[in-house]
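Okay, so here's the structure we're looking at.
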Amino acid sequence: MIAEAIDTALTLGWAFLIWLTLVSLTAALALHTLIAIAWWTARTTWRAVRGTSAPGWARSRYAARLIARRTRPDYEEAA
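Structure representation (C-alpha coordinates):
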(Lines of atoms letter the chains of each structure in order from A; the text may use other names.)
(Lines give C-alpha, C1' and ligand atoms only; values in the text may rest on other atoms or scores of the structure.)
Protein backbone atom coordinates (compact mmCIF):
# COMPACT_ATOMS: atom_id res chain seq x y z
CA MET A 6 0.00 0.00 0.00
CA ILE A 7 2.82 2.44 0.81
CA ALA A 8 4.64 1.34 -2.34
CA GLU A 9 1.57 2.18 -4.40
CA ALA A 10 1.35 5.61 -2.76
CA ILE A 11 5.02 6.30 -3.50
CA ASP A 12 4.58 5.11 -7.09
CA THR A 13 1.53 7.35 -7.51
CA ALA A 14 3.39 10.33 -6.04
CA LEU A 15 6.32 9.77 -8.41
CA THR A 16 3.99 9.42 -11.39
CA LEU A 17 2.11 12.59 -10.46
CA GLY A 18 5.42 14.40 -9.88
CA TRP A 19 6.69 13.50 -13.35
CA ALA A 20 3.35 14.41 -14.91
CA PHE A 21 3.42 17.79 -13.16
CA LEU A 22 7.00 18.39 -14.28
CA ILE A 23 6.11 17.60 -17.91
CA TRP A 24 2.99 19.77 -17.69
CA LEU A 25 4.98 22.67 -16.21
CA THR A 26 7.60 22.37 -18.94
CA LEU A 27 5.01 22.38 -21.73
CA VAL A 28 3.13 25.33 -20.24
CA SER A 29 6.39 27.27 -19.83
CA LEU A 30 7.39 26.58 -23.42
CA THR A 31 3.97 27.63 -24.68
CA ALA A 32 4.04 30.83 -22.62
CA ALA A 33 7.57 31.63 -23.82
CA LEU A 34 6.56 31.08 -27.44
CA ALA A 35 3.47 33.27 -27.03
CA LEU A 36 5.52 36.01 -25.35
CA HIS A 37 8.19 35.81 -28.05
CA THR A 38 5.50 36.09 -30.74
CA LEU A 39 3.91 39.12 -29.08
CA ILE A 40 7.28 40.84 -28.71
CA ALA A 41 8.13 40.14 -32.35
CA ILE A 42 4.79 41.50 -33.54
CA ALA A 43 5.13 44.62 -31.38
CA TRP A 44 8.69 45.20 -32.59
CA TRP A 45 7.71 44.74 -36.24
CA THR A 46 4.75 47.10 -35.84
CA ALA A 47 6.86 49.76 -34.12
CA ARG A 48 9.61 49.47 -36.73
CA THR A 49 7.16 49.70 -39.61
CA THR A 50 5.44 52.70 -38.04
CA TRP A 51 8.76 54.39 -37.34
CA ARG A 52 9.96 53.83 -40.90
CA ALA A 53 6.69 55.15 -42.29
CA VAL A 54 6.86 58.28 -40.16
CA ARG A 55 10.56 58.85 -40.69
CA GLY A 56 10.42 57.99 -44.39
CA THR A 57 8.26 60.97 -45.25
CA SER A 58 10.53 63.55 -43.65
CA ALA A 59 14.00 62.00 -43.71
CA PRO A 60 16.42 62.50 -46.59
CA GLY A 61 17.42 59.58 -48.76
CA TRP A 62 20.79 59.05 -47.12
CA ALA A 63 19.11 58.64 -43.73
CA ARG A 64 17.10 55.63 -44.86
CA SER A 65 19.96 53.31 -45.76
CA ARG A 66 23.17 53.29 -47.75
CA TYR A 67 21.58 51.23 -50.48
CA ALA A 68 18.62 53.61 -50.78
CA ALA A 69 21.01 56.56 -50.84
CA ARG A 70 22.95 55.03 -53.72
CA LEU A 71 19.78 54.35 -55.67
CA ILE A 72 18.50 57.88 -55.11
CA ALA A 73 21.87 59.36 -56.11
CA ARG A 74 21.96 57.29 -59.30
CA ARG A 75 18.44 58.34 -60.17
CA THR A 76 18.73 62.04 -59.42
CA ARG A 77 22.35 62.95 -60.22
CA PRO A 78 23.66 62.25 -63.71
CA ASP A 79 27.28 62.86 -62.62
CA TYR A 80 27.15 60.32 -59.76
CA GLU A 81 29.99 57.79 -59.71
CA GLU A 82 30.55 55.19 -57.04
CA ALA A 83 33.90 55.07 -55.31
CA ALA A 84 36.14 52.13 -56.14
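The opening position of the sequence shown corresponds to residue 6 in the numbering used here, with each subsequent residue numbered one higher. For every residue, glycine included, the Cβ atom is placed at its ideal position computed from N, Cα and C. Note that the structure is predicted; figures quoted are calculated from it, not measured.
(message) Rounding to the nearest angstrom, what Cα-Cα distance links I11 and L17 in this structure?
(response) Within the model, the alpha-carbon separation for I11 versus L17 is close to 10 Å.
(request) Look at the alpha carbon of T14 and the alpha carbon of L25, and state the distance between them as a whole number of angstroms. (result) Per the sequence presented here, residue 14 reads as Ala, with Thr not at that position. The straight-line gap from Cα to Cα measures roughly 16 Å.
(request) Could you tell me whether any non-hydrogen atom of the ligand HEM is closer than 7 Å to the CB of A8? (result) This structure does not include the ligand HEM; it has no bound ligands of any sort.
(request) Check whether the Cβ atoms of Y67 and A73 sit closer than 8 Å, and answer yes or no. (result) No. Outside cutoff.
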